[in-house]
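Engineer: Take a look at the following structure, please.
4 protein chains.
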Amino acid sequence: MGAVKTKRMPRAVREQQMLDAAVRTFGNRGYMAASMDEIAELAGVSKPLVYLYLNSKEDLFTACIRREARALTEAVRVGARPELPADRQLWSGLTAFFTHTARHPDGWAVLHLQARTHGEVFAAEVAAMRAEIVAFVTQLILAAAREAHRDPDLREAEVSGLAEALVGAAESLADWANATPGVTARQAATTLMNFAWAGLGDLMAGRHWTPPDDSGDVDAPAAQIEVTSPAG
Amino acid sequence: MGAVKTKRMPRAVREQQMLDAAVRTFGNRGYMAASMDEIAELAGVSKPLVYLYLNSKEDLFTACIRREARALTEAVRVGARPELPADRQLWSGLTAFFTHTARHPDGWAVLHLQARTHGEVFAAEVAAMRAEIVAFVTQLILAAAREAHRDPDLREAEVSGLAEALVGAAESLADWANATPGVTARQAATTLMNFAWAGLGDLMAGRHWTPPDDSGDVDAPAAQIEVTSPAG
Amino acid sequence: MGAVKTKRMPRAVREQQMLDAAVRTFGNRGYMAASMDEIAELAGVSKPLVYLYLNSKEDLFTACIRREARALTEAVRVGARPELPADRQLWSGLTAFFTHTARHPDGWAVLHLQARTHGEVFAAEVAAMRAEIVAFVTQLILAAAREAHRDPDLREAEVSGLAEALVGAAESLADWANATPGVTARQAATTLMNFAWAGLGDLMAGRHWTPPDDSGDVDAPAAQIEVTSPAG
Amino acid sequence: MGAVKTKRMPRAVREQQMLDAAVRTFGNRGYMAASMDEIAELAGVSKPLVYLYLNSKEDLFTACIRREARALTEAVRVGARPELPADRQLWSGLTAFFTHTARHPDGWAVLHLQARTHGEVFAAEVAAMRAEIVAFVTQLILAAAREAHRDPDLREAEVSGLAEALVGAAESLADWANATPGVTARQAATTLMNFAWAGLGDLMAGRHWTPPDDSGDVDAPAAQIEVTSPAG
DNA sequence: TATGAATGAGGCTTCATTCAT
DNA sequence: AATGAATGAAGCCTCATTCAT
Numbered sequence: 001m002g003a004v005k006t007k008r009m010p011r012a013v014r015e016q017q018m019l020d021a022a023v024r025t026f027g028n029r030g031y032m033a034a035s036m037d038e039i040a041e042l043a044g045v046s047k048p049l050v051y052l053y054l055n056s057k058e059d060l061f062t063a064c065i066r067r068e069a070r071a072l073t074e075a076v077r078v079g080a081r082p083e084l085p086a087d088r089q090l091w092s093g094l095t096a097f098f099t100h101t102a103r104h105p106d107g108w109a110v111l112h113l114q115a116r117t118h119g120e121v122f123a124a125e126v127a128a129m130r131a132e133i134v135a136f137v138t139q140l141i142l143a144a145a146r147e148a149h150r151d152p153d154l155r156e157a158e159v160s161g162l163a164e165a166l167v168g169a170a171e172s173l174a175d176w177a178n179a180t181p182g183v184t185a186r187q188a189a190t191t192l193m194n195f196a197w198a199g200l201g202d203l204m205a206g207r208h209w210t211p212p213d214d215s216g217d218v219d220a221p222a223a224q225i226e227v228t229s230p231a232g
Numbered sequence: 001m002g003a004v005k006t007k008r009m010p011r012a013v014r015e016q017q018m019l020d021a022a023v024r025t026f027g028n029r030g031y032m033a034a035s036m037d038e039i040a041e042l043a044g045v046s047k048p049l050v051y052l053y054l055n056s057k058e059d060l061f062t063a064c065i066r067r068e069a070r071a072l073t074e075a076v077r078v079g080a081r082p083e084l085p086a087d088r089q090l091w092s093g094l095t096a097f098f099t100h101t102a103r104h105p106d107g108w109a110v111l112h113l114q115a116r117t118h119g120e121v122f123a124a125e126v127a128a129m130r131a132e133i134v135a136f137v138t139q140l141i142l143a144a145a146r147e148a149h150r151d152p153d154l155r156e157a158e159v160s161g162l163a164e165a166l167v168g169a170a171e172s173l174a175d176w177a178n179a180t181p182g183v184t185a186r187q188a189a190t191t192l193m194n195f196a197w198a199g200l201g202d203l204m205a206g207r208h209w210t211p212p213d214d215s216g217d218v219d220a221p222a223a224q225i226e227v228t229s230p231a232g
Numbered sequence: 001m002g003a004v005k006t007k008r009m010p011r012a013v014r015e016q017q018m019l020d021a022a023v024r025t026f027g028n029r030g031y032m033a034a035s036m037d038e039i040a041e042l043a044g045v046s047k048p049l050v051y052l053y054l055n056s057k058e059d060l061f062t063a064c065i066r067r068e069a070r071a072l073t074e075a076v077r078v079g080a081r082p083e084l085p086a087d088r089q090l091w092s093g094l095t096a097f098f099t100h101t102a103r104h105p106d107g108w109a110v111l112h113l114q115a116r117t118h119g120e121v122f123a124a125e126v127a128a129m130r131a132e133i134v135a136f137v138t139q140l141i142l143a144a145a146r147e148a149h150r151d152p153d154l155r156e157a158e159v160s161g162l163a164e165a166l167v168g169a170a171e172s173l174a175d176w177a178n179a180t181p182g183v184t185a186r187q188a189a190t191t192l193m194n195f196a197w198a199g200l201g202d203l204m205a206g207r208h209w210t211p212p213d214d215s216g217d218v219d220a221p222a223a224q225i226e227v228t229s230p231a232g
Numbered sequence: 001m002g003a004v005k006t007k008r009m010p011r012a013v014r015e016q017q018m019l020d021a022a023v024r025t026f027g028n029r030g031y032m033a034a035s036m037d038e039i040a041e042l043a044g045v046s047k048p049l050v051y052l053y054l055n056s057k058e059d060l061f062t063a064c065i066r067r068e069a070r071a072l073t074e075a076v077r078v079g080a081r082p083e084l085p086a087d088r089q090l091w092s093g094l095t096a097f098f099t100h101t102a103r104h105p106d107g108w109a110v111l112h113l114q115a116r117t118h119g120e121v122f123a124a125e126v127a128a129m130r131a132e133i134v135a136f137v138t139q140l141i142l143a144a145a146r147e148a149h150r151d152p153d154l155r156e157a158e159v160s161g162l163a164e165a166l167v168g169a170a171e172s173l174a175d176w177a178n179a180t181p182g183v184t185a186r187q188a189a190t191t192l193m194n195f196a197w198a199g200l201g202d203l204m205a206g207r208h209w210t211p212p213d214d215s216g217d218v219d220a221p222a223a224q225i226e227v228t229s230p231a232g
């Protein structure tokens, strides 16, 4: 059970193995229900070694949060290619986000569920990451407005409220996409872009947002929502 | 500390006291960190009595989830007055939602954080409630479309995707509103309606949604959502 | 092994059983080497009950120290019958002291060895007891001097230095008496009284001993106690 | 922190560094609370090397005890210059004793507190040292008596009882002097010499003290030391 | 209806000690 | 001569749960 027992690894490698095991265990069982015993076994290592390298359950959990938070923000930042127009950046950033959360469900569970549920210290850790993402999204929205030669006076406070809502919706959709078989990251991103860009009001007015076509992209091709042809 | 020690109460009353204590404790400490000892003390009752009435920690937690879920859905359903037009219903339903979550932070923590974080059994319990709400919102959106004489062929699947997003955003905003001092339920509802109805696209087109003034409502006075007619 | 397993005792009784077991275990094994498991078993009780009543190993140890300290001071105070002349009081107090330490070797080990060796907190606890005893002895010495119509100006500071030395010697002799088979409490008390009353000087009739002046010596010069000229 | 990390030292030197670190750690933390990790780090050496040289924690502790015991007895023996008269020898021996314990508080803690508190094996080790010192003091007392042309028949058993008391008092005073700022070794030695030489009896001129006869008393009858008849 | 007394089980953490180089 | 990597064993503590009244 767990990793193959390879002896005498350099510390850095072992630490990553331990974090892997910890993220999986914390993600599945939850922070409190996860036992250090289980984590150590899954890492193919004795418990004292885990303590030697990671100090305590709290520290281990914090290390998990930090690693996963960095991985997620990195994925989003890389996904949002800065050479694209802002709306496309947003869309591809969202796609990267949903792709990452789908590929790392345990990491996502650690960040979105566990870290928020077990104490202010951990919650603060993810709050920092979230703030970073919200700021990033805010910049994208402002850039989009600029590109559209629109509303140069948009107050940042206003926009960051919208960014909050957008990020919040994205988080919820990530859970939903993970829980709903057959929903791809692109579909989730498209749904959210439609929701965010056009709004329900537009939907009823017949205007839709069109996802870009996906040449050479990493994920599945099909868009989720049938997009009617844009109004002329 | 805890409830005043009144002896010999009828069972139904005692049970509610216990559930009150349990919700508070589960909400504050989390499911696992909450101890039956603390709950019993807070309820002003001995531990064996808790077991006599509620059977086990799991059953107690399930009872909490059920009670809080019912209270929340009830609040939303009552808030959304069926005699109003659909968009107004949605707005007032959201307001009721944010009002309830603000007034019952522990109950909301139980439903939104704890129940989703500690095992499939509990998660299923809230999932059922959520599905109910999503269905309700879906109906409201469809009704709104109907009232606007729009898109009679909107497929329910499509709309329920949007409903998902809307509910997801609402959940996130509830946390945000609870954590941000000075944000009222009405403000939260308005923010979300703006986001949902007008979308970011509208924002950049310069169109804004204005909250209606408020005649005879239970909460703050302002009326609901002014939906501007879609631009031709 | 351990106490006979009698079920369902009132708390006060169980607590004493636990303290008995704890004093024995701490006295024999030492504070750190004593395991809560062993104490619980010796008390005929499960470990959680020990924690329920005594809170922690530290608290349990503190409770032991307090109980044994009280018992010892009480024994001494009762032993020194106040109606006797002061020297007799001192002698009978010492006898009571040696009797008690001989009869409660574990309690004595807890006070004299363990409590002083495992942290300031515990040490302070016995220091308080010791101070009380030193004060008591100081009073006895002063009373003896008064009864002998001697040196009414004896400064208390001076005398309490002697009391310190006397108590220190008594403590050491208690260990010695316990370790040397065939030495009774009365013998130990007599030895000490002889030493204290007559001194070695009498033994060799050299009367007062004068410290040499300190030419080229390493330490500070002043002698501490001003030695009064020998009685005529 | 700890010793400067110098590589490749000859074994003898490394061993002393380890013992230095061990004595400090054992003295401060106590035998059980001291960890081999801490000792190794303080010695500026890896743990396996400590085991290579000193074998085990027990052996290491024993080595500490032996080194410190030898150092202490050596200091006393050197301090008591044999060319002086016996009383002077005693005084300077005591001074050397108090000087040494004041300069090596950790070593003294190891000998006086730790070694006596953690098992018969270690206790025996210091008991040997103590016996040696008691014998030495006994000889000094006998010599003093001889020099005073007194009591040539003093039985050694009697005197060694007094030596016991004297040494016990010295041990206690060493702790007291270390704990009381401003008390020098010479002062401590003088206090003890005064106490021993003049006694309390002189203080009140009551000369010899006679134990009461023991009618109906709880303890064993025999007094230990034959008390010579009081001077007229 | 209600509770004081009691425990089996399990989790976090630390330590003395060794292996392989 | 010296060490980075690793672990078996054990200790403190807490908890959900029950018994006997």
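Protein chains in written order, with the UniProt record's numbering: chain X, 1 to 232; chain P, 1 to 232; chain A, 1 to 232; chain S, 1 to 232.
Using N, Cα and C, we set each Cβ at its ideal position, and we do this for glycine too.
Source: prediction; values computed, not measured.
Would you give the residue range spanned by the alpha helix (DSSP H) that Asn-28/X belongs to?
Structural biologist: Start and end: 11-29.
Engineer: Could you tell me which of Ala-33/A, Val-45/A and Thr-191/A sits nearest to Pro-10/A, measuring between CA atoms?
Structural biologist: Checked all of Ala-33/A, Val-45/A and Thr-191/A; the closest Cα to Pro-10/A is Val-45/A.
Engineer: Would you kindly work out how many angstroms separate the C-alpha atoms of Phe-122/X and Ile-39/S, rounded to a whole number?
Structural biologist: The straight-line gap from Cα to Cα measures roughly 35 Å.
Engineer: Would you kindly work out how many angstroms separate the C-alpha atoms of residue 233/S and Arg-130/S, rounded to a whole number?
Structural biologist: Here chain S has residues from 1 to 232 only, and residue 233/S is not among them.
Engineer: Since His-104/S meets chain A, which of its residues come closer than 8 Å, beta carbon to beta carbon?
Structural biologist: Near His-104/S there are no residues of chain A at all, since even the closest Cβ is about 15 Å away, more than 8 Å.
Engineer: For Leu-111/X and chain P, any beta-carbon pair shorter than 8 Å?
Structural biologist: Closer than 8 Å: no.
Engineer: What do you reckon, are the CB atoms on Ala-102/P and Asn-55/P nearer than 8 Å?
Structural biologist: No. Outside cutoff.
Engineer: Return helix, strand or coil for Pro-85/A, following the three-state DSSP convention.
Structural biologist: Looking at Pro-85/A - three-state DSSP - the assignment turns out to be coil, as it is neither helix nor strand.
Engineer: Return the residue from the list Ala-189/S, Phe-26/S and Trp-197/S that minimises the CA-CA distance to Ala-80/S.
Structural biologist: When each option's Cα is compared against that of Ala-80/S, the closest is Ala-189/S.
Engineer: Compute the distance between the beta-carbons of Ser-172/S and Val-134/S, then report whether it is under 8 Å.
Structural biologist: Not in contact: Ser-172/S and Val-134/S (Cβ atoms no closer than 8 Å).
Engineer: Helix, strand or coil: how does DSSP classify Val-137/P here?
Structural biologist: Residue state, collapsed to three classes: helix.
Engineer: So with Cβ pairs under 8 Å, would you call Gln-139/X a contact of chain P?
Structural biologist: Chain P, which has no Cβ nearer than 8 Å to the Cβ of Gln-139/X, makes this no.
Engineer: Going by the beta-carbon positions, is the gap between His-118/X and Gly-27/P smaller than 8 Å?
Structural biologist: No; because the gap between Cβ atoms is not below 8 Å, this pair is not in contact.
Engineer: Below 8 Å on the Cβ atoms is my guess for Leu-72/P versus Leu-111/P; work out the distance and round it to an integer in Å.
Structural biologist: About 7 Å separates the two Cβ atoms, so the contact holds.
Engineer: Can you check whether the C-beta of His-118/X is within less than 8 Å of a C-beta belonging to chain P?
Structural biologist: Yes - at least one Cβ of chain P is within 8 Å of the one on His-118/X.
Engineer: Use the C-beta contact count for Ser-35/X: other C-beta atoms within 10 angstroms, 16 or more gives buried, fewer gives exposed.
Structural biologist: Answer is exposed; the Cβ neighbour count stays below 16.
Engineer: Please report the straight-line C-alpha distance between Gly-216/X and Pro-105/X, rounded to a whole angstrom.
Structural biologist: Any reading at Gly-216/X must be qualified, since the residue scores a pLDDT of 43, below 50, and its modelled position is unreliable; the value itself is stated next. Cα to Cα, the separation comes out at about 25 Å.
Engineer: Please identify, using Cβ separations under 7 Å, the residues of the region 167-180 of chain X that lie next to chain P, in order along the chain.
Structural biologist: Taking 7 Å as the Cβ-Cβ cut-off against chain P, the residues of the region 167-180 of chain X that qualify are Gly-168, Ala-169, Glu-171, Ser-172, Leu-173 and Trp-176.
Engineer: Between Lys-7/A and Val-76/A, what straight-line distance do the alpha-carbon atoms span, to the nearest angstrom?
Structural biologist: Those two C-alpha atoms are separated by around 36 Å.
Engineer: What is the DSSP secondary structure of Ser-172/S, reduced to helix, strand or coil?
Structural biologist: Note: Ser-172/S maps to helix in three-state DSSP.
Engineer: Quick one: what does DSSP say Asn-55/S is sitting in, helix, strand or coil?
Structural biologist: Coil at Asn-55/S, not helix or strand.
Engineer: Once you ignore the five residues that flank Asp-87/S on each side, which residues in its own chain have a CB closer than 6 Å to its CB?
Structural biologist: If we look at Asp-87/S and ignore the five residues flanking it on each side, its Cβ neighbours are Ala-144.
Engineer: Mind pulling the chain X residues with CB within less than 7 Å of Met-129/P?
Structural biologist: The contacting residues do not exist; Met-129/P stays about 15 Å from chain X at best.
Engineer: Would you verify that the beta carbon of Met-36/X is, or is not, closer than 8 Å to some beta carbon of chain P?
Structural biologist: Not an interface residue.
Engineer: Is any beta-carbon of chain S found at less than 8 Å from that of Met-32/A?
Structural biologist: Cβ-Cβ to chain S under 8 Å: yes for Met-32/A.
Engineer: Cβ of Gln-89/X less than 8 Å from any chain P Cβ?
Structural biologist: No - not a single Cβ of chain P is within 8 Å of the one on Gln-89/X.
Engineer: For Phe-195/P, go through chain X and note every residue whose CB falls closer than 9 Å to its CB, in chain order.
Structural biologist: The contacting residues are Gly-161, Leu-162, Ala-165, Leu-166, Ala-169, Phe-195, Ala-196 and Gly-199.
Engineer: Nearest-angstrom Cα distance between Thr-138/A and Glu-132/A?
Structural biologist: Each residue's Cα considered, the two are about 10 Å apart.
Engineer: Can you have a look at Asn-175/X and say buried or exposed, based on whether 16 or more other CB atoms are within 10 angstroms of its CB?
Structural biologist: Per the sequence presented here, residue 175/X reads as Asp, with Asn not at that position. Buried, because 16 or more other Cβ atoms sit within 10 Å of the Cβ of Asp-175/X.
Engineer: I'd like to know if Gln-114/P contacts chain X, where contact means its C-beta is closer than 8 Å to some C-beta of that chain.
Structural biologist: At least one chain X Cβ lies under 8 Å of Gln-114/P.
Engineer: Any idea if Thr-180/X is buried or exposed, counting beta-carbon neighbours within 10 angstroms, 16 or more meaning buried?
Structural biologist: Answer is exposed; the Cβ neighbour count stays below 16.
Engineer: Mind checking whether Val-126/X and Ala-109/X have CB atoms under 8 Å apart?
Structural biologist: No. Outside cutoff.
Engineer: Could you name the residues of the same chain whose beta carbon sits closer than 6 Å to that of Leu-140/A, not counting the 5 residues immediately before and after it, in chain order?
Structural biologist: Contacts found: Ala-86, Gln-89 and Leu-90.
Engineer: My output table needs one value for Gly-44/A: the three-state DSSP class, helix, strand or coil.
Structural biologist: Three-state result, Gly-44/A: coil.
Engineer: Given this structure, state the Cα-to-Cα distance separating Ala-63/P from Lys-47/P, to the nearest angstrom.
Structural biologist: Distance between the alpha carbons of Ala-63/P and Lys-47/P is about 17 Å.
Engineer: Alpha carbon to alpha carbon, how far is Ala-124/S from Gly-107/A?
Structural biologist: Approximately 21 Å, taken between the alpha carbons.
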